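Peer 1: Below are the structure tokens for one structure; questions will follow.
Residue numbers (full-length UniProt numbering), protein chains in the order written: chain A, 1 to 326; chain B, 1 to 275.
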């Protein structure tokens, strides 16, 4: 964590890490070039959503709402009801709190297939503080029926998620941050909502991350193997809902400890979703949830906040060893 | 449909609203009776919707923001042939699709509503889409005066003017009463016309029970090119049943058997007078 990663043109250097936000932006622009039904709907967020070029190229496909997130989601739902492929783009903190009822009622309950794009999610806004953090969104949206909840980990997952979302006929929430995220794997793996992605396999430990915590989990796994010979299975559980129960059951059957890692409150997110499944299905693996504790976060950048709460290579490795030895 | 025919329809609709509310032992009686003449004119005079065109991309859209008066919508949709009227015998019953707020599970309903302050944004999005595709359909939404303090209405009102949505018409069923008392005493939104005009809308007042006034207003849409239109329909809560009119307790009061007979007698008289 914390290393400086230079962001360059993806086509020139396809393996250089970019922010998932940039991948979202370039993918949406590409899709919009051949599909006039695609709309980006923004709440004065075209800049933070990296959609300025989109708006310049396809002005008729960018609907500006102004800073009014309730209206953003309601209008997006109205547009989607007419067959438009609508991406409603707004900071995750506001999109999922200010307009929660519009998500629940106008999008999910009315089954208007809006793609809700939560940008600068989790603690991406760092020192801007708790107003700008979204550490509640998994918990809140998991409880909303008829909504897929996704946190892609790397550029590959982000691109795949946006492409799938564009064609989906049901509501989806996708959240990501703005930090450059290295690819988790060089292999072209299959991607589908609701199917967790196994990055590497080992029988001593299972690390399950989502979004921007998968990469430090993978780094921790590499460190544990190099320094202590502990071999881990690392999973990118990009879809929080519906959770990949088959994959969970398969890895839990190994009997080894399971550590979940998320950029979210420890309440109601990935970890508790996994825990409830495991407990209800008779698995008794040692288990720990890593995330943001129930407090207003320490002031700092995203990296500093991750480090503070142990959502780092070293922090995850340390917690894993404690869990293995418990 | 002529004014006389519209008037007769409204009597029928009022009879059915009461019939099914009494059957369900639940419903928003007063508000359904205040908005039914508006719905009557919309579905029998204005909207180009029918069961045959229910999925047509060019159909007009009606989105009921004041979802709690769903009984008025259900009886009109049944009359228009979207579903058998007998379905309404299951209103609010276990496992019925006919719940106490609009739901798309019921044929003819465009959006699920019920939480107040949602119809405007949904309508604005639907109207923007028509502009984008250069389609001629229009979007209508019905709001209660009691729901106007919801801030989302005003967010949407601003945007409707920004996008010059002269294909959008909002109608306020201004019956002046909400569950806690007179709307003016709860959280007044008067002067409503000047507020909406300041937001960039063109506004007209009508008597919401005068079919000529209603059809004239709808015939005049848009009131100004390039502006969304607001019809402030002055209505009477409980209209048509004298003992209910302007009486707060009929917000969601259900007539007992004696009251029901009185109401149906009054409506029978109204029907006779229209023969």
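Glycine included, each C-beta is placed from N, C-alpha and C at the ideal position.
No experiment lies behind these values; they were computed from the predicted model shown.
Would you mind telling me which residues of chain A sit closer than 9 Å to residue 156/B, beta carbon to beta carbon, in chain order?
Peer 2: 68, 70, 71, 74, 75
Peer 1: Relative to the C-alpha of residue 170/A, which residue among 95/A, 84/A, 127/A, 248/A is closest?
Peer 2: 84/A
Peer 1: Do the stretch 261–268 of chain B and the stretch 199–215 of chain B meet, that is, are 3 or more Cβ pairs less than 8 Å apart?
Peer 2: no
Peer 1: From the beta carbon of residue 187/A, is the nearest beta carbon of chain B less than 8 Å away?
Peer 2: no
Peer 1: Go through its chain and collect everything with a Cβ distance to residue 242/B's Cβ below 7 Å, but skip five positions before and after it.
Peer 2: 266
Peer 1: Are the C-beta of residue 84/A and some C-beta of chain B separated by less than 8 Å?
Peer 2: yes
Peer 1: Would you verify that the beta carbon of residue 324/A is, or is not, closer than 8 Å to some beta carbon of chain B?
Peer 2: no
Peer 1: Can you grab the Cα-Cα spacing for the pair residue 319/A / residue 191/A, in whole Å?
Peer 2: 29 Å
Peer 1: Quick one: which chain A residues come within Cβ less than 9 Å of residue 25/B?
Peer 2: Within chain A, no residue comes near residue 25/B; the closest Cβ sits about 25 Å away, beyond 9 Å.
Peer 1: Do residue 20/B and residue 75/B have their beta-carbon atoms positioned less than 8 Å apart in this structure?
Peer 2: yes
Peer 1: Kindly say whether residue 34/A, judged by its beta-carbon, lies nearer than 8 Å to any beta-carbon of chain B.
Peer 2: no
Peer 1: Note down, in chain order, every chain B residue with its Cβ under 8 Å from the Cβ of residue 102/A.
Peer 2: 118, 121, 152
Peer 1: Checking 8 Å against the spacing of the C-beta atoms, do residue 172/B and residue 232/B come in under that value?
Peer 2: Yes, Cβ-Cβ distance for residue 172/B and residue 232/B is below 8 Å.
Peer 1: For residue 1/A, which of helix, strand or coil comes out of DSSP?
Peer 2: Residue confidence is low: residue 1/A scores 35 on pLDDT, short of 50, so the model does not pin down where it sits. Its coordinate-derived value is still stated next. Residue state, collapsed to three classes: coil.
Peer 1: On the CB-based measure, 16 or more other CB atoms within 10 Å of its CB, does residue 146/A come out buried or exposed?
Peer 2: When all chains shown are included, residue 146/A counts as exposed.
Peer 1: Which residues in chain A sit within 8 Å of residue 327/B, going by Cβ to Cβ distance?
Peer 2: With chain B covering only 1 through 275, there is no way to say anything about residue 327/B.
Peer 1: Show which residues of chain B have a CB atom less than 7 Å away from the CB atom of residue 109/A.
Peer 2: Below the 7 Å Cβ cutoff, chain B contributes 112 as neighbours of residue 109/A, in chain order.
Peer 1: Suppose the cutoff is 6 Å on Cβ atoms and the five residues either side in sequence are ignored; what does the same chain contact list for residue 114/A look like?
Peer 2: 76, 77, 80, 86, 88, 107, 171
Peer 1: Once the 5 residues before and after residue 142/A are set aside, which same chain residues still bring their CB inside 7 Å of it?
Peer 2: 149, 240, 241, 268, 273
Peer 1: Could you say which of 2/B, 3/B, 17/B lies nearest to residue 278/B if we only look at CA atoms?
Peer 2: As displayed, chain B neither begins before 1 nor continues past 275, which places residue 278/B out of reach and without an answer.
Peer 1: Going by C-alpha distance, which of 237/B, 253/B, 229/B is nearest residue 124/B?
Peer 2: 229/B
Peer 1: Please report the residue range of the alpha helix (DSSP H) in which residue 322/A lies.
Peer 2: 313–324
Peer 1: Which residue or residues does DSSP assign as beta-bridge partners of residue 182/B?
Peer 2: 177/B
Peer 1: Is it buried or exposed, residue 182/B, if we count other Cβ atoms within 10 angstroms and call 16 or more buried?
Peer 2: Counting the other CB atoms within 10 Å of its CB gives residue 182/B a total below 16, which places it among the exposed residues.
Peer 1: Hey, how far is the Cα of residue 139/B from the Cα of residue 19/A?
Peer 2: 40 Å
Peer 1: Between the stretch 4–12 of chain B and the stretch 248–261 of chain B, can you find at least three pairs of beta-carbon atoms closer than 8 Å?
Peer 2: no
Peer 1: Please state whether DSSP places residue 169/B in a helix, a strand or coil.
Peer 2: strand
Peer 1: When you compare each of 297/A, 325/A, 264/A to residue 140/A by their alpha carbons, which one comes out closest?
Peer 2: Ranking the options by Cα distance to residue 140/A, first place goes to 264/A.
Peer 1: Do residue 175/B and residue 236/B count as a contact pair if the criterion is CB distance below 8 Å?
Peer 2: yes
Peer 1: By alpha-carbon positions, which one of 129/B, 2/B, 83/B, 189/B ends up nearest to residue 60/B?
Peer 2: 129/B
Peer 1: Per DSSP, what are the beta-bridge partners of residue 64/A in this structure?
Peer 2: 42/A
Peer 1: In whole angstroms, what is the alpha-carbon distance linking residue 215/B and residue 65/B?
Peer 2: Going from the Cα of residue 215/B to the Cα of residue 65/B covers about 21 Å.
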